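*Asks:* To convert, take the position in the sequence shown, counting from 1, and add 18; that gives our numbering. Where is the CB? At the ideal position from N, CA and C, for every residue including glycine. As the structure is a computational prediction, the values presented were derived from the model and not from experiment.
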Amino acid sequence: MAKYLDAYDYDSIREQAGYVIKNRKKMKKSAVEKYMAHFNEKCAKSKAATVEAKQFIPGGIQHNLANNHPFALSITKAEGPWLYDVDGNRYIDFLCAGGPTILGNNFPAVRDAVLDLITKDGPVTGLYSDYELQFAKLLNKYYPTVEKFRMLGSGSEANVIAIRLARAFTGNKHIIRFAGGYHGWSDQLIYNYSEGADPEGMKLGIPTACYKNTHVVPINDIDALEAAMEKYKNEGGVAAFIMEAVGQDSGSVPTTREYHLEAEKLCRKYGALLIYDEVVTALRLGLNGAQGFFGTKPDITVFGKIIGGGYAPAGGVGSRAEIMDMLAAGIDASYYSKVKVGGTLSANPLVALAGVTTVKQLEQLNVHEKLDAAATKFMQGLASITDKYDVPAVLFNHQSILHVDISGFSFLGDFIPAGDPAMEKETIAAFMNIIEFAMGLAAEGLIVANGGKTYLCYDTTELIDDALHIYDKVLSNYE
Ligand code: PMP
19 MAKYLDAYDY DSIREQAGYV IKNRKKMKKS AVEKYMAHFN EKCAKSKAAT VEAKQFIPGG
79 IQHNLANNHP FALSITKAEG PWLYDVDGNR YIDFLCAGGP TILGNNFPAV RDAVLDLITK
139 DGPVTGLYSD YELQFAKLLN KYYPTVEKFR MLGSGSEANV IAIRLARAFT GNKHIIRFAG
199 GYHGWSDQLI YNYSEGADPE GMKLGIPTAC YKNTHVVPIN DIDALEAAME KYKNEGGVAA
259 FIMEAVGQDS GSVPTTREYH LEAEKLCRKY GALLIYDEVV TALRLGLNGA QGFFGTKPDI
319 TVFGKIIGGG YAPAGGVGSR AEIMDMLAAG IDASYYSKVK VGGTLSANPL VALAGVTTVK
379 QLEQLNVHEK LDAAATKFMQ GLASITDKYD VPAVLFNHQS ILHVDISGFS FLGDFIPAGD
439 PAMEKETIAA FMNIIEFAMG LAAEGLIVAN GGKTYLCYDT TELIDDALHI YDKVLSNYE
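In structure tokens form, the structure reads like this:
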């Protein structure tokens with residue numbers, strides 16, 4: 019019923035998603051009511067906080083990754099694998115801040131290094147610190163394609179600079195991406211706005227001119243990618259193909275191994291740069307990230323999340339020297355002929371040191387080996403639980419990125435034709451399914467990332483049985 023699938027076997031994953039969409043189970047009404055009652059009674063202070071926050075913060079929450087149904091939980095303490103809310107409830111942390119805290123919450127070695135720095139230096143000076151160099155050298159050690167590295171404020175910013183560099187370097191205009199890939203929220207890259215948009219108008223604050231040179235192709239379809247390269251080569255040329263390094267939404271719709279190799283070849287053939295958005299995968303799939311895993315050599319790599327060791331701001335872009343040397347740096351007479359980039363708080367000593375310390379801990383503690391073993395144990399355990407309760411699920415993992423989907427949400431477009439009136443109803447049903455599942459897990463004591471994906475951290479590797487017990491309790495409520 020629910021097999022533990024190979025993350026690179028796209029066809030089986032897609033087929034299983036189709037099965038889940040047709041045979042999806044729902045949480046029993048009585049369980050939904052039980053969990054709602056739990057939140058109202060046991061999370062009363064969080065509830066009150068959300069009510070007040072809505073007066074001053076749009077939607078009552080700043081973070082775009084937090085589950086907030088029936089309301090956002092107000093977290094007051096985070097330690098190791100645990101999160102604690104203002105009402106004193108404790109949760110296993112399967113969110114990991116959306117990926118960055120790969121070691122765990124407030125990991126002592128990172129915290130101590132940062133505290134020591136703060137007492138000496140404070141958080142920022144706007145001047146050079148040796149940690150910048152230490153970090154760039156460490157990245158170069160694990161990512162040989164990153165001869166030089168520029169630290170920036172976020173993954174969104176880093177993607178903007180990546181495509182700007184690609185255009186500046188190649189002199190070409192067009193950017194190609196696969197459908198559904200997330201590369202931050204910039205005007206040019208926010209989701210698939212270019213699809214079906216009014217070519218003359220503006221969509222939710224973004225004039226269509228901003229993304230008219232950004233084109234979407236279906237994932238894992240190498241012929242479609244080549245057709246796009248052909249189409250645009252004489253219309254201004256293709257500057258880059260940009261891809262999330264394991265697929266749409268951190269790999270919820272995964273790329274195949276062949277796609278990586280073929281896409282790399284096509285980029286070389288058409289003189290386009292290959293950009294890997296490794297915001298999620300760098301230092302998570304392993305120290306060498308997705309490119310180490312696939313044996314590919316992207317021209318530009320985009321970083322975020324883990325590179326800040328949980329501290330902010332965390333983002334960066336890396337490439338070979340001839341490309342990176344096009345970037346503006348410091349106060350320089352050549353500034354006006356350089357590719358513009360900036361960031362008042364970027365590469366502050368605190369975030370650079372947190373990054374350096376995190377990478378050293380990843381090296382010393384053999385973190386990835388432990389994460390991978392724990393992930394396999396978890397996914398196998400979960401496959402038996404979903405079988406036990408006969409809940410169809412799509413289950414696979416990219417190392418410690420776990421894909422656990424009982425809704426089929428990410429694949430709806432493959433099974434329901436565009437324009438079919440059933441789509442809206444199905445989307446809402448799948449969405450509610452995701453929300454209720456996350457709510458049930460939180461009520462039972464585990465917090466996941468939104469959507470079908472979630473993360474393990476080093477500290478949670480010891481809590482796999484406890485986590486499975488929680489999934490068991492929640493899944494027993496489906497019919
Ligand atoms: N790229 C990918 C693949 C991401 O997952 C994200 C964030 N989830 C971003 C870019 C944007 O990064 P940030 O939130 O730091 O702007």
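Would you report the Cα separation of Lys44 and Ala456, rounded to the nearest angstrom?
*Replies:* Numbered from its first residue, the sequence shown carries residue 44 at position 26. Numbered from its first residue, the sequence shown carries residue 456 at position 438. Taking the straight line joining both Cα atoms gives about 13 Å.
*Asks:* As an exercise, report each continuous beta strand (DSSP E) stretch of at least 3 residues that is fully enclosed by the segment 397 to 481, in chain order.
*Replies:* Uninterrupted beta strand (DSSP E) stretches at least 3 residues long and entirely within the segment 397 to 481 occur at 412 to 416, 419 to 423, 464 to 466, 471 to 473, given in chain order.
*Asks:* Would the beta-carbon of Val297 be found less than 7 Å away from any heavy atom of the ligand PMP?
*Replies:* Taking the sequence shown and counting its residues from 1, one reaches residue 297 at position 279. Flag set: Cβ of Val297 near the ligand PMP.
*Asks:* According to DSSP, simplified to helix, strand and coil, what is Tyr102?
*Replies:* Along the sequence shown, one-based indexing puts residue 102 at 84. Strand.
*Asks:* Our contact map puts Ser418 next to Val271 with C-beta atoms below 8 Å; I'd like the distance itself, whole angstroms only.
*Replies:* On the sequence shown, residue 418 is found 400 positions in, with the first residue counted as 1. On the sequence shown, residue 271 is found 253 positions in, with the first residue counted as 1. Contact between Ser418 and Val271 does not hold, since their C-beta atoms are separated by about 19 Å, which reaches or exceeds 8 Å.
*Asks:* If we require 4 or more residues per run, which alpha helix (DSSP H) segments fall completely within the segment 37 to 74?
*Replies:* Within the segment 37 to 74, the complete alpha helix (DSSP H) runs of at least 4 residues are 47 to 60, 62 to 74.
*Asks:* Would the beta-carbon of Glu262 be found less than 7 Å away from any heavy atom of the ligand PMP?
*Replies:* For this step, residue 262 is matched to residue 244 along the sequence shown. Correct: Glu262 has its Cβ closer than 7 Å to the ligand PMP.
*Asks:* For Tyr146, does the three-state DSSP call read helix, strand or coil?
*Replies:* The residue given as residue 146 occupies position 128 in the sequence shown. It is coil, neither helix nor strand.
*Asks:* What's the call for Asn415, buried or exposed, on a 16-neighbour Cβ count within 10 Å?
*Replies:* Numbered from its first residue, the sequence shown carries residue 415 at position 397. Asn415 counts as buried, since at least 16 other C-beta atoms from the protein chains shown sit within 10 angstroms of its C-beta.
*Asks:* Report the option in Gly437, Leu292, Leu222, Gly36 whose CA atom is closest to the CA atom of Met247.
*Replies:* Taking the sequence shown and counting its residues from 1, the one referred to as residue 247 is at position 229. Out of Gly437, Leu292, Leu222, Gly36, Leu292 has the C-alpha closest to the C-alpha of Met247.
*Asks:* Give the straight-line distance between the Cα atoms of Ala436 and Glu442, rounded to the nearest whole angstrom.
*Replies:* Numbered from its first residue, the sequence shown carries residue 436 at position 418. Numbered from its first residue, the sequence shown carries residue 442 at position 424. For Ala436 and Glu442, the distance between alpha carbons rounds to 10 Å.
*Asks:* In angstroms, rounded to a whole number, what distance separates the CA positions of Arg182 and Val234?
*Replies:* Numbered from its first residue, the sequence shown carries residue 182 at position 164. Numbered from its first residue, the sequence shown carries residue 234 at position 216. One C-alpha to the other measures close to 18 Å.
*Asks:* Note down the Cα distance separating Asp483 from Ala62, rounded to an integer number of angstroms.
*Replies:* Working through the sequence shown from its first residue, we reach residue 483 at position 465. Working through the sequence shown from its first residue, we reach residue 62 at position 44. So the alpha carbons of these two residues sit roughly 29 Å apart.
*Asks:* To the nearest angstrom, report how far apart Ser92 and Tyr109 are at their CA atoms.
*Replies:* Mapped onto the sequence shown, residue 92 falls at position 74. Mapped onto the sequence shown, residue 109 falls at position 91. Each residue's alpha carbon lies about 12 Å from the other.
*Asks:* Going by alpha carbons, who is nearest to Val466 out of Thr232, Val422, His192?
*Replies:* Looking up residue 466 in the sequence shown gives position 448. Looking at the Cα atoms, Val422 is the closest of the given residues.
*Asks:* Label Ser174 either buried or exposed according to how many other C-beta atoms from any shown protein chain fall within 10 Å of its C-beta, with 16 as the threshold for buried.
*Replies:* As a first step, residue 174 is located in the sequence shown; it is residue number 156 there, counting from the start. So Ser174 counts as buried.
*Asks:* Just list the residues that DSSP pairs Glu497 with in beta bridges.
*Replies:* Working through the sequence shown from its first residue, we reach residue 497 at position 479. The partner list for Glu497 (beta bridge, DSSP) is empty, contrary to what the question assumes.
*Asks:* Taking only three categories from DSSP, how would you classify Ser364?
*Replies:* As a working mapping, residue 364 is identified with position 346 in the sequence shown. It is coil, neither helix nor strand.
*Asks:* I'd like to confirm something about Asn177: is its beta-carbon nearer than 7 Å to some heavy atom of the ligand PMP, or not?
*Replies:* Reading the sequence shown from its first residue, position 159 is the one you call residue 177. Yes, the beta carbon of Asn177 sits closer than 7 Å to at least one heavy atom of the ligand PMP.
*Asks:* Between Gly98 and the ligand PMP, is there a pair consisting of the residue's CB and a ligand heavy atom that are separated by less than 7 Å?
*Replies:* Here the question's residue 98 lines up with position 80 in the sequence shown. Not so, every heavy atom of the ligand PMP lies at least 7 Å from the Cβ.
*Asks:* Between Gly140, Ile75, Gly144, Asn306, which has its C-alpha nearest Glu381's C-alpha?
*Replies:* Translated into the one-based positions of the sequence shown, residue 381 becomes position 363. When each option's Cα is compared against that of Glu381, the closest is Asn306.
*Asks:* Which two residues bound the contiguous alpha helix (DSSP H) that contains His278?
*Replies:* As a position in the sequence shown, residue 278 is number 260, starting the count at 1. Segment 275 to 288, the alpha helix (DSSP H) holding His278.
*Asks:* Alpha carbon to alpha carbon, what distance is there between Gly304 and Thr274?
*Replies:* Working through the sequence shown from its first residue, we reach residue 274 at position 256. Working through the sequence shown from its first residue, we reach residue 304 at position 286. The alpha-carbon atoms of Thr274 and Gly304 are separated by roughly 18 Å.
*Asks:* Can you check DSSP and say which residues form a bridge with Phe259?
*Replies:* For the purposes of this step, residue 259 is taken as residue 241 along the sequence shown, with counting starting at 1. In the DSSP output, where bridge partners are listed per residue, Phe259 has Ile194, Leu292.
*Asks:* Buried or exposed: which applies to Phe125, given that a residue is buried once 16 or more other Cβ atoms fall within 10 Å of its Cβ?
*Replies:* Taking the sequence shown and counting its residues from 1, the one referred to as residue 125 is at position 107. Buried, because 16 or more other Cβ atoms sit within 10 Å of the Cβ of Phe125.
*Asks:* Check whether the segment 358 to 377 touches the segment 449 to 464, taking contact to mean three or more Cβ pairs, one atom from each stretch, closer than 8 Å.
*Replies:* no
*Asks:* Report yes if the C-beta distance between Asp317 and His201 is below 8 Å; otherwise report no.
*Replies:* Taking the sequence shown and counting its residues from 1, one reaches residue 317 at position 299. Taking the sequence shown and counting its residues from 1, one reaches residue 201 at position 183. Contact flag unset, no.
*Asks:* Kindly give me the distance between the Cβ atoms of Val320 and Ala485, rounded to whole angstroms, as I take these residues to be in contact under 8 Å.
*Replies:* Numbered from 1 along the sequence shown, position 302 holds the residue referred to as residue 320. Numbered from 1 along the sequence shown, position 467 holds the residue referred to as residue 485. Actually they are not in contact, since the Cβ atoms of Val320 and Ala485 sit about 30 Å apart, beyond 8 Å.
*Asks:* Should Tyr354 be listed as close to the ligand PMP, given that the test is whether its C-beta is under 7 Å from any heavy atom?
*Replies:* For this step, residue 354 is matched to residue 336 along the sequence shown. Not so, every heavy atom of the ligand PMP lies at least 7 Å from the Cβ.
*Asks:* Please name the residue in Ala347, Leu493, Ala448 whose C-alpha comes closest to that of Gly144.
*Replies:* Here the question's residue 144 lines up with position 126 in the sequence shown. Relative to Gly144, the option among Ala347, Leu493, Ala448 whose CA is nearest is Ala347.
*Asks:* Between which two residues does the beta strand (DSSP E) containing Tyr169 stretch?
*Replies:* Numbered from 1 along the sequence shown, position 151 holds the residue referred to as residue 169. Per the sequence shown, residue 169 should be read as Met rather than Tyr. If you look at Met169, you'll find it in the beta strand (DSSP E) that goes 166 to 170.
*Asks:* Considering only residues of the same chain and omitting the five flanking positions on each side of Ala131, which have a CB-CB separation below 6 Å?
*Replies:* In the sequence shown, counting from the first residue as 1, residue 131 sits at position 113. Excluding positions up to five away in sequence, the list reads Leu371, Thr375.
*Asks:* Is the distance from the Cβ of Lys356 to the Cβ of Leu363 below 8 Å?
*Replies:* Within the sequence shown, the letter at position 338 stands for residue 356. Within the sequence shown, the letter at position 345 stands for residue 363. Not a contact, by the Cβ cut-off of 8 Å.
*Asks:* Is the segment 467 to 480 close to the segment 391 to 409, with three or more CB pairs under 8 Å?
*Replies:* yes
*Asks:* Residues in the same chain with beta-carbon distance under 6 Å from Ala49, minus the five sequence neighbours each way, listed in chain order, please.
*Replies:* Counted from its first residue, the sequence shown places residue 49 at position 31. Counting only Cβ-Cβ distances below 6 Å, and skipping sequence neighbours, we find Asn495.
*Asks:* Along the beta strand (DSSP E) that carries Arg108, what are the first and last residues, could you check?
*Replies:* Against the sequence shown, residue 108 aligns to sequence position 90. Per DSSP, Arg108 belongs to the beta strand (DSSP E) from 108 to 112.
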